[in-house]
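Numbering (this note's numbering), first residue to last: 435 to 632.
Every residue, glycine too, gets a C-beta built ideally from N, C-alpha and C.
Notes follow once the structure below has been shown.
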Ligand SMILES: Nc1ncnc2c1ncn2[C@@H]1O[C@H](COP(=O)(O)OP(=O)(O)O)[C@@H](O)[C@H]1O
Ligand SMILES: [Mg+2]
């Protein structure tokens, strides 16, 4: 059976093994897949809204995985598991656990020492998370919802709005978002912080 996906700018392509992990076998187009994934993300958001989760809990490797599983667990068998292949972006697959540990340790330090504003801490985590690219797919959406969880459930602030547009689809908001990520690559976080609250 063929799951035929065409990839746009900045999308992580799935290899054949990963495509094999599709739980709902009737999905055959990118549009159908997008819809099911969107439904999964909405379910994860609903699960989150009812919960108080401490930032200590959020900043664990377990929670990083649990969130991805909540988002994509009905669609992909490998949801919530680190990727086992290398991608055009992201660290080498063997470095994912250590890079993630470093990130979570750094972030706990920033929270304890109030190194940055709460928004900046969440945005920095999201940016570095997507650079690590822990999962085979869904890293962009996961990294943003993870930042939302930290800022809202953890810090008690409103959720981010991330440009108030669908960032999975090609469009102006996605272009601004990717530009802001590239600024963050160069340690310039302001555009991403502003975008997250726009
Ligand atoms: N050039 C880039 N530099 C940094 N991050 C990028 C770049 N291109 C894409 N990304 C990030 O990777 C994400 C795409 O990875 P992917 O795993 O397919 O996530 P999703 O399926 O949620 O879109 C984008 O949403 C963005 O966050
Ligand atoms: Mg993708």
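Nearest neighbour of residue 599 by Cα position, chosen from 486, 629, 504, turns out to be 629. The beta carbon of residue 446 sits closer than 8 Å to at least one heavy atom of ligand 2.
As summarised for the region 464-494, the continuous alpha helix (DSSP H) elements at least 4 residues long and confined to that stretch are 464-483, 489-492, given in chain order. Note on geometry: alpha-carbon atoms of residue 487 and residue 587 lie some 5 Å from one another. Between the beta-carbon of residue 537 and that of residue 559 there is about 7 Å, and that keeps the pair under the 8 Å contact cut. Annotation: residue 590 is outside any alpha helix (DSSP H) and is labelled neither H nor E by DSSP. Going by DSSP, residue 526 is part of no alpha helix (DSSP H) at all; its letter is neither H nor E.
Annotation: residue 572 to residue 473 spans about 13 Å, alpha carbon to alpha carbon. Counting the other Cβ atoms within 10 Å of the Cβ of residue 509 gives 16 or more, which makes it buried. Residue pairing from DSSP places residue 456 in a beta bridge opposite 510. Counted as a single uninterrupted DSSP element, the stretch harbouring residue 601 is not any alpha helix (DSSP H), since DSSP gives it neither H nor E. Judged by the Cβ position, residue 602 qualifies as a neighbour of ligand 2 at the 8 Å threshold, a heavy atom of the ligand being closer than this. Taken atom to atom, the span from the alpha-carbon of residue 515 to that of residue 507 is near 10 Å. About 6 Å separates the Cβ atoms of residue 545 and residue 489, confirming a contact at the 8 Å cut-off. Taking a 10 Å sphere around the C-beta of residue 590, we find fewer than 16 other C-beta atoms and assign the residue as exposed. Within 10 angstroms of the beta-carbon of residue 597 lie 16 or more other beta-carbons, which makes it buried. Under the three-state reduction of DSSP, residue 438 is assigned to strand. Collapsing the DSSP output to three states places residue 558 in a helix.
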